[in-house]
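Novice:
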Amino acid sequence: DTGVSQNPRHKITKRGQNVTFRCDPISEHNRLYWYRQTLGQGPEFLTYFQNEAQLEKSRLLSDRFSAERPKGSFSTLEIQRTEQGDSAMYLCASSRGQGPSPLHFGNGTRLTVT
Amino acid sequence: DQQVKQNSPSLSVQEGRISILNCDYTNSMFDYFLWYKKYPAEGPTFLISISSIKDKNEDGRFTVFLNKSAKHLSLHIVPSQPGDSAVYFCAARLPSGGGADGLTFGKGTHLIIQP
Chain A
18 DTGVSQNPRH KITKRGQNVT FRCDPISEHN RLYWYRQTLG QGPEFLTYFQ
68 NEAQLEKSRL LSDRFSAERP KGSFSTLEIQ RTEQGDSAMY LCASSRGQGP
118 SPLHFGNGTR LTVT
Chain B
64 DQQVKQNSPS LSVQEGRISI LNCDYTNSMF DYFLWYKKYP AEGPTFLISI
114 SSIKDKNEDG RFTVFLNKSA KHLSLHIVPS QPGDSAVYFC AARLPSGGGA
164 DGLTFGKGTH LIIQP
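Residue numbers (this note's numbering), protein chains in the order written: chain A, 18 to 131; chain B, 64 to 178.
(1) Can you find a CB in chain B that lies within less than 8 angstroms of the CB of PHE62(A)?
(2) Who pairs with ALA70(A) in a beta bridge, going by DSSP?
(3) In or out: MET92(B) buried (at least 16 other Cβ within 10 Å) or exposed?
(4) With a 10 Å radius around its C-beta and 16 neighbouring C-beta atoms as the bar for buried, classify LEU138(B) as buried or exposed.
(5) Is there at least one Cβ from chain B nearer than 8 angstroms to LEU56(A)'s Cβ?
(6) ASP87(B) bridges to which residues according to DSSP?
(7) For the segment 117-128 of chain A, which residues have a CB atom closer than 9 angstroms to at least one CB atom of chain B, in sequence order?
(8) Could you name the residues of the same chain whose beta carbon sits closer than 8 angstroms to that of ARG32(A), not counting the 5 residues immediately before and after it, in chain order?
(9) Quick check on the burial criterion: 16 or more other C-beta atoms within 10 angstroms. Buried or exposed for SER92(A)?
(10) Can a CB atom of chain A be found closer than 8 angstroms to the CB of PHE93(B)?
(11) For SER114(B), which option in LYS131(B), VAL76(B), ASN70(B) and LYS101(B) has the closest C-alpha, if you only look at C-alpha atoms?
(12) Output the distance between the C-alpha atoms of GLY162(B) and TYR95(B), rounded to the nearest integer angstrom.
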């Protein structure tokens with residue numbers, strides 16, 4: 018059973034550096050979501066794609082954040098000029114997108130900005 | 064403003080007993096509700112869901128109840144087992160096509176099953 022895969026699992030970077038995360042969704046899922054989770058909070062919605070189209074972005078997604086899903090398969094999330102407040106778990110999820118269907122999450126990428 | 068609220072940060076239950084986790088929401092437009100379970104260093108795992116047209120959904124030891132008039136849902140686990148110890152998140156979604164397609168999560172309840 019190939020679930021949602023995220024790489025890397027952990028990333029430590031210095032403030033001001035750029036980082037990029039990758040997500041490979043479940044193959045037959047056409048919707049892909051990015052969430053962010055900080056300690057003591059539930060996951061917060063960042064953005065989602067239907068195939069290669071980015072259909073919605075949360076106001077949490079500042080200009081320093083960009084997400085792509087160029088061929089409607091894997092997705093990347095890039096954070097430019099990282100700040101300490103960007104330290105969090107970044108979660109990717111995918112779903113079939115037909116009617117109400119649950120999101121299936123990967124194990125996340127934990128980002129630490131020093 | 065938090066639209067999905069889980070007011071109990073933690074809950075301790077004896078093994079074999081019933082665990083009841085509660086969730087309240089404020090947006091009456093939510094039409095699909097889900098419960099997720101999360102172990103440390105892992106992503107949330109989908110447990111069970113319910114559409115707003117139903118008031119109960121059951122899957123093995125897990126039952127979700129929805130009270131639309133009270134804007135309240137609960138997850139019952141019976142009997143509780145040690146492997147159920149985890150953080151449980153309640154989540155809700157607006158109707159598709161209306162934007163805001165992502166889930167809105169509560170802050171979670173840490174369930175501890177005591178032997």
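Ideal placement from N, C-alpha and C gives every residue a C-beta, glycine not left out. Predicted model, so just to flag it, every value in this text is computed and none were measured.
Specialist: Result, derived from the coordinates:
(1) Yes - at least one Cβ of chain B is within 8 angstroms of the one on PHE62(A).
(2) As a beta-bridge residue in DSSP terms, ALA70(A) pairs with GLN67(A).
(3) MET92(B) is exposed by the Cβ-count criterion.
(4) Counting Cβ neighbours within 10 Å, LEU138(B) comes out buried, since at least 16 surround it.
(5) For LEU56(A), no Cβ of chain B is located within less than 8 angstroms of the residue's own Cβ.
(6) BP columns for ASP87(B) point to LYS68(B) and HIS135(B).
(7) Within the segment 117-128 of chain A, the residues whose Cβ lies closer than 9 angstroms to some Cβ of chain B are PRO117, SER118, PRO119, LEU120, HIS121, PHE122, GLY123, ASN124, GLY125 and ARG127, listed in chain order.
(8) Apart from sequence neighbours up to five positions away, the residues of its chain that approach ARG32(A) with a beta-carbon distance below 8 angstroms are THR99, GLU100, GLN101, VAL130 and THR131, ordered along the chain.
(9) In summary, SER92(A) is buried, with 16 or more beta-carbon neighbours lying within 10 Å of its beta-carbon over all protein chains present.
(10) It does not: the Cβ of PHE93(B) has no partner Cβ on chain A nearer than 8 angstroms.
(11) Nearest to SER114(B) by alpha-carbon distance, out of LYS131(B), VAL76(B), ASN70(B) and LYS101(B), is LYS131(B).
(12) Confidence at GLY162(B) is low in this model, with a pLDDT of 49, below 50, so the placement of that residue should be treated as unreliable; the coordinate-derived value is given next. About 14 angstroms.
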